[in-house]
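Asks:
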Amino acid sequence: MEVKEEQSTKRKKQKQGRFWTWVAASVLFRLILIYFPKNLNLSSRPEVSTPLTSLRRLAEGYWLKQSSMSPYAGSMYHGSPLLLSLLGPLTVKRIEGQPSHLLCSLVFVVADILNAMLIRATGQTLQVAYRQSLKSLDLDTISESMEVLSSGDIAALVYLWNPFTIVACVGLSTSPIENLAIILALYGACKRMVPLAAFGWVMATHLSLYPVILIIPIILLLGYGPDTPRKLLLMRRYGKVEDNSSSDSCQQQEKVINQSDLPKVFAWRPAMLFLLWAIMWSVYVLLLCGISVKQYGGLWEMFERMYGFILTVQDLSPNIGVLWYFFAEVFDFFRNFFLIVFHMNILFMIFPLAIRLKHRPCFLAFVYITISSMLKSYPSVGDSALYFGLLGWFVNELSEMQFSFCLFSVYVGVSLLSPVMHNLWIWRGTGNANFYFATAITYACLQMVLVVESVSAMLNHDRKLKKLTNAKLQNGKS
Amino acid sequence: MKLTSGDGDEVKDKAHDELDFEFLGNIKGEPILLQTNVFANGTSGREQRITLWFDPTTEYHDYKILWNQNQIVFYVDDIPIRVFKKLTESGVPFPSQPLQIQASLWHAKWASQNETDWRYAPFKAHYQGFDISGCPCATKQCMNECYGQNYWWNDIRELNSDQRRAYEDRRFHGGLSDSAPHCPNLIALSQRPYSDSSSFLHLMALPLLLLLRRVLLPSLSLTFCPNSPFQSCLGNGHRRRFLGGVASEAISGSQGAVPLQLSKQGPTYQLQWPAPPSLPQSHISAGRFRSFTLRKWNFLSHKVGGGFDPISSNKAKPPGVELWAVFDAPLEQVDDSWKNLTHALSGLFCASVNFLESSTTYSAPEWGYRPAPGSLRYGTLPREAVCTENLTPWLKLLPCRDKAGLSALMDRPSIYKGFYHSQQLRLTSSEFESEEGGSGIVLQQTLTVVVQPDSERNVMSYSHETKLQPSWSLTSIFGRMVTGRCVLAKSSTIYLQFDRGLVGQLDYLQKENELSSADKSVYEGFSSNPGFELSVKPDRVLKELNGFEKKTPSVVYEFYIEKYSESRPFDLGLTWKLPVVWSCQKAPLHASRFLMGSGNERGAIAISLRSTEVSDEFLHTDMSEGRCKLEVKVFQVVPWYIKVYFHTVRVYVNEQPQEVSDVVEKMRVSPSVDKVSPGVMEMVLKFPCGMKSAAITLEFDKGFLHIDEYPPDANQGFDIPAAIISFPNFHTSMQFFTDKSVDRSSILSKFQENNAVLAYTEVLLVPLTTPDFSMPYNVITITCTVCALYFGSLLNVLRKRVGEEERSSKSKATKETGRLRQLLSRVSAKLRGRPFEPPQPPSNSSSFISSKLILFILVVGIAVFWQVYFG
């Protein structure tokens, strides 16, 4: 036994060492890319810098603010005034002999590393929860036989080494910071740090609006705890422990509820606390914003320029989404209708998913993020980087996902073809807007398949667990 | 025939049909005008006048009329001077009755240049040497005989080649001109009470112009001025030579390497008539001060540099329409006033000025263009083409249209043949001193034309290495002459300005030739100048006052048109006697603008300023800081789809990057708002004096437009309006040594206006990417399909539990649960599942249908919602 433990600890240490080398290597890789001349022109790629995340626009906003104009004058800057006061000075400051964007890039690299660390910590929590739940279901055997992968490390490494993340980080887009806010919220919720979770959620909502729907997974996470298998199974298990003979589900349920040590009941206290903290933080953030935009157009202008810009899709410059071309082509009198339809598409799926996946709030958050990054007005690869990182958390559960190879290869294909088509259309003039739009449509389909398949795989995994417990129960009975 | 020497003679035929030689009365010493006339069927009005090329009082000359059934030809010394073809098929009457010969003296008050002095009466005429060949015939029977082959003149159908050459020579050199049916109409017009000016008010759609209810007599003046900006038209590296005289200018290769030799001249018509306001103030609030310009450049690529000339620097502009207005209205009404104005002007000038109505096309500069914060609006349409449709309404605003006065010169073909022409309308409400006193509204109309004298005929090749500049005259340029002033005009003057450089050259020439050492200089005598000769003696010579410069002053010759009439038309001409090469004064910096970068994603605008190095003596103007600085103002408007990053402004001086704050003294930016307003940049830069070149760069991203926002020729590109570079420390004013009579002529006061030197840069053409215009439906359907697919399949996955639980109970029996589940997890696998589970399809399809049903209900619900709230 001791030898075995030693071996396992050794292996663990080895694994740890390997993990840190990979992290260091990824940081080094980023730094090398930063020092490339002209930043490899990544900062002007449509995949990287959308009107919302472009650092160039932020610099313009900062310049306008410095020349005592509203940063929202004109239609250049659409980001947060807080980000402006955080990153703005760095766009101007220069270190002698270093690239001009060095300071900003370093901020983004730090944000990326922080993201990776938070993903790792959250992943480890999730894994512990997963192991515990398997143990409590008496399914240790499968966990051992399946050799549970350390999903936290995998997710962190996937996040760090994902080309999308690297490009978004080196390409000077503010999406690493937006991602940081989202991950902070999820981390806080997983670790049951209510103020942190509330802060993350408020910041994420403030920065990019779409994370507002994450309030549901965060509350579920705070209420139920990290992802656990289905409640019903647990009830059955407890029911079995309590009363072997009876199989009346109603009685079982009552008994389960009566049990005080059962953690699987929705905990209202942290949820309420979260709401309270969220209100406090949003008041605080609004106050800060109000102070910084007071002498210009006030908060209303900020809302109009940030959220109005997101919701009305005013900028039709190409990006990896589909809405820009749609709204460039659609007849003007249908515009508002389709704006409603596309935003409703995000909102309509919130409740069905929440009902079905309420026992897996982290996975629910992942699905929400994927959906919003598919249908948002100005998607960038930074959003994809985030959900790919989060996908690493569920590497055990989603091991049986279908089309994974297919998805992977089409991802590679699209991310190679899309710049080519963009180049043909914009730079060479030999291609046509439809070529680029075709890659965007493919990309949207891809994310759609990813969402559908991952949800389906997760549900299947739950079914499998249920089946196994049922079989165990039957075995136990017989 | 010999005329008696005296104050007036004439020979006349008188009948119902009539063929006339009329010698018009004149002032002694002036060339005598010969008028020919053809009466047919009693209709007259076909007078033609010719300035005889000899003095008919000294010798006998032959005056012949050939009249057959084909034509009537008037000959003077066997040179045909007029051909009147028989065009009865076209409805032109032709004399056909038997004629007799009459010779008489005739008291023609209107045709003579002065009054008949009856003190010399009686007047006697003596005629000799009449020779008539004709067919005497009094009855209709002999008519056919007369038209037969017996008579030699019946065969003459056309002029022979020699005659034709002589005829053309006479007509175009001798200055034969068709005179308009003059007297009765014009006199009537002048007697019409002008105070209500209804004669042209009905032409105007512009409510604002209705303010001109009371119009004083217009002063109409024509100025020839060297349009110094034009000289830079032909680009860099060419040595410029200002050909003398009327603003004519030649550009040729410095060492004769470029065979191109062009000569241009820019007459400017300026019409001004003041009007005291007699309408309530509410009307005036519509606008106070506006300028509207339509321009056309014939050059494929042109560069407009700045110029020192007071008029040209205001008028040499890039192609298109430029409109600016300062409104008296309260600030919140300014935009509305602007919109009204654009619509009125577009109706008035048949131009698409109404496109300036959209807020994306006009801007509100604060000090970059003209100092008028808040109430100034400025808009340009760089692509607007200018054609006769725009000129006609412009001319209609003139009281005499193009029928009389200086505007009679505005012969459409010769104007549009020119290199550049610009028509400008400027309405000013200002205090001005008029006879009536008080303030009023002044409408100034300016037409600037750069034309090339017909060099082929005029250029004689000299033995020198340089060619003689082409000589010109009004007739050679416009094909017309000024036949007196418009009777409504208060004054009518033509100015001929000699540039400083030219005067200097001429002085130098004179000294070199040592023709007249001391007393005769270019500004005193015109006929004695060795360099050139004017065909008409100027009434006044004005010399520029320049106290501080050691340079030669420019000279302006004044010609009063009042003295001239139909009988004595004004035809100014300038003949070069010696080749002169000179360069005119240039702005301190030559401005040009270009685009950088490739592709349709982003780019940069660069404004490059090159020192012209000719005006070093001016550079001491701003010594306030102890260092010599050159102040430059830049005003740039960019349309919203050029998304300029103003923080990327870079300034390079002598190709070295400079700290922006070191050079930019003042900067005002109003960034563009998508689909709402254009971006405006106003800058004051201070460069060191010894600077050779400077450049300002600005990066931008190209915007993407909705398909409806693209013009029909979307791939042609979009225009960035010209940037305006001005030099606040350099002024265009020229002070002339004159008495107070200057006040009467607006153009001289224009010379003296203290305007900053302006330069317009090129209009830039920016290509933008285009979406596919042909497939909006495809895009909509494909995108919606993807959305529906996502929605449907996700809902399907989520909804699978019910069916799955039913199945799981059954699948225990079949032992195929795992495989089934796997299959069922896919939408596509539904059909494959059929053989395994026959009872399955109904439930599946029902679920599928119900999901579709939900989708359908949702869409219907949204549609209803839409209909209720927005429909």
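As given, the protein sequences belong to chains F and S, one line each in that order. For the first sequence, counting from 1, position 25 maps to 24 in numbering that gives the first Met the number 0; every step adds exactly one. For the second sequence, counting from 1, position 623 maps to 622 in numbering that gives the first Met the number 0; every step adds exactly one. Idealized CB from N, CA, C, for every residue including glycine.
Given a cut-off of 9 Å on the beta-carbon distance, is the pair glutamine 423 of chain S and leucine 446 of chain S in contact?
Replies: Cβ distance < 9 Å, so glutamine 423 of chain S and leucine 446 of chain S count as in contact.
Asks: Can you say whether glutamate 331 of chain S is buried or exposed, counting buried as having 16 or more other CB atoms within 10 angstroms of its CB?
Replies: It counts as exposed.
Asks: Going by DSSP in three states, methionine 666 of chain S sits in which element: helix, strand or coil?
Replies: Three-state result, methionine 666 of chain S: strand.
Asks: In the DSSP assignment, what are the bridge partners of serine 575 of chain S?
Replies: The question names serine, yet the displayed sequence has tryptophan at residue 575 of chain S. Tryptophan 575 of chain S pairs with S/Phe531.
Asks: Enumerate in chain order the residues of its own chain whose CB-to-CB distance from arginine 81 of chain S is below 6 Å, with the five nearest sequence positions on each side excluded.
Replies: The answer, listed in chain order, is Thr35, Gln47, Phe73.
Asks: Check each residue of the region 590–607 of chain S: if its Cβ is closer than 9 Å to any Cβ of chain C, include it; give the result in chain order.
Replies: Of the protein chains in this structure, namely F and S, none is chain C.
Asks: Along the region 697–708 of chain S, what residues have a CB closer than 8 Å to any CB found in chain F?
Replies: Answer in chain order: Asp700, Gly702, Phe703, Leu704, His705, Ile706, Asp707.
Asks: What does DSSP give as the partner residues of phenylalanine 122 of chain S in its beta bridges?
Replies: DSSP output for phenylalanine 122 of chain S lists no bridge partner at all.
Asks: Within 10 angstroms of its Cβ, does proline 656 of chain S collect 16 or more other Cβ (buried), or is it exposed?
Replies: Its Cβ having fewer than 16 others within 10 Å, proline 656 of chain S is exposed.
Asks: Determine the burial state of isoleucine 856 of chain S: buried for a count of at least 16 other Cβ atoms within 10 Å of its Cβ, exposed for fewer.
Replies: So isoleucine 856 of chain S counts as exposed.
Asks: Mind checking glutamine 13 of chain F: buried by the 16 CB within 10 Å criterion, or exposed?
Replies: Glutamine 13 of chain F is exposed by the Cβ-count criterion.
Asks: Please check if any C-beta of chain F sits within less than 9 Å of the C-beta of histidine 420 of chain S.
Replies: Not an interface residue.
Asks: Kindly indicate if chain F contains any beta-carbon less than 9 Å away from that of proline 775 of chain S.
Replies: So yes, proline 775 of chain S belongs to the interface.
Asks: For methionine 494 of chain F, count the other beta carbons within 10 Å of its own beta carbon; 16 or more makes it buried, fewer makes it exposed. Which is it?
Replies: In this structure chain F extends from 0 to 477, so residue 494 of chain F is not present and cannot be described.
Asks: Comparing C-alpha positions only, which one of F/Ser74, F/Leu171, F/Asp152, F/Leu51 sits nearest to asparagine 40 of chain F?
Replies: When each option's Cα is compared against that of asparagine 40 of chain F, the closest is F/Leu171.
Asks: Should methionine 343 of chain F be flagged as near chain S, meaning a C-beta pair shorter than 9 Å?
Replies: Yes - at least one Cβ of chain S is within 9 Å of the one on methionine 343 of chain F.
Asks: On the DSSP bridge list, what partners appear for glycine 87 of chain F?
Replies: Looking at the DSSP assignment, glycine 87 of chain F forms no beta bridge with any residue, so it has no partner.
Asks: What does asparagine 36 of chain S pair with, by DSSP beta-bridge criteria?
Replies: BP columns for asparagine 36 of chain S point to S/Asp19.
Asks: From the DSSP output, in three-state form, read off histidine 421 of chain F for me.
Replies: Helix, per DSSP.
Asks: Any Cβ of chain S within less than 9 Å of the Cβ of leucine 315 of chain F?
Replies: For leucine 315 of chain F, the answer is yes, since a Cβ of chain S falls inside 9 Å of its Cβ.
Asks: Out of S/Cys145, S/Gly503, S/Gln162, state which residue places its alpha-carbon closest to the alpha-carbon of aspartate 77 of chain S.
Replies: The candidate whose alpha carbon is nearest that of aspartate 77 of chain S is S/Gln162.
Asks: Would you kindly check if the distance between the Cβ of leucine 487 of chain S and the Cβ of valine 579 of chain S is under 9 Å?
Replies: The answer is no: Cβ separation not under 9 Å.
Asks: Output needed for proline 537 of chain S: all residues of its chain with C-beta closer than 8 Å, excluding positions within five of it in sequence on either side, in chain order.
Replies: If we look at proline 537 of chain S and ignore the five residues flanking it on each side, its Cβ neighbours are Leu495, Phe525, Tyr556, Glu557, Phe558.
Asks: Buried or exposed for histidine 358 of chain F, please, with buried defined as at least 16 other CB atoms from any protein chain shown within 10 angstroms of its CB.
Replies: That one is buried.
Asks: Would you decide whether arginine 539 of chain S is buried or exposed? Buried here means 16 or more other CB atoms lie within 10 Å of its CB.
Replies: Arginine 539 of chain S is exposed by the Cβ-count criterion.
Asks: Return yes when the Cβ of serine 491 of chain S is within less than 9 Å of the Cβ of glutamate 561 of chain S, no when it is not.
Replies: Yes.
Asks: Find out if the Cβ-Cβ distance for the pair proline 94 of chain S, valine 37 of chain S is shorter than 9 Å.
Replies: Yes; because the gap between Cβ atoms is below 9 Å, this pair is in contact.
Asks: Strictly under 9 Å for the Cβ-Cβ distance: is isoleucine 719 of chain S near chain F by that measure?
Replies: No, its Cβ sits nowhere closer than 9 Å to a Cβ of chain F.
Asks: I need the boundaries of the beta strand (DSSP E) containing methionine 680 of chain S, first residue and last residue.
Replies: Start and end: 678–687.
Asks: Within 8 Å, do at least three Cβ pairs link the region 698–705 of chain S to the region 636–647 of chain S?
Replies: At 8 Å Cβ cutoff, the stretches touch.
Asks: Hey, quick one: how far does the beta strand (DSSP E) through tyrosine 651 of chain S stretch, first residue to last?
Replies: Residues 641–652.
Asks: Run the CB neighbour count on glutamate 58 of chain S, radius 10 Å, all protein chains shown included, and call it buried at 16 or more, exposed below.
Replies: Exposed, by the Cβ-count rule.
Asks: Let me check one thing: in DSSP terms, what residues is phenylalanine 699 of chain S bridge-paired to?
Replies: DSSP lists S/Gly602, S/Val643 as partners of phenylalanine 699 of chain S.
Asks: For a contact defined as C-beta to C-beta under 7 Å, what are the partners of aspartate 480 of chain F on chain S?
Replies: Past the edges of chain F, shown from 0 to 477, lies residue 480 of chain F, and the structure says nothing about it.
Asks: With burial defined as no fewer than 16 other Cβ atoms inside 10 Å of the residue's Cβ, what is the status of arginine 567 of chain S: buried or exposed?
Replies: Buried is the call here.
Asks: How far does the alpha helix (DSSP H) with leucine 390 of chain F in it extend, from its first residue to its last?
Replies: 380–390 is the span of the alpha helix (DSSP H), which, as asked, contains leucine 390 of chain F.
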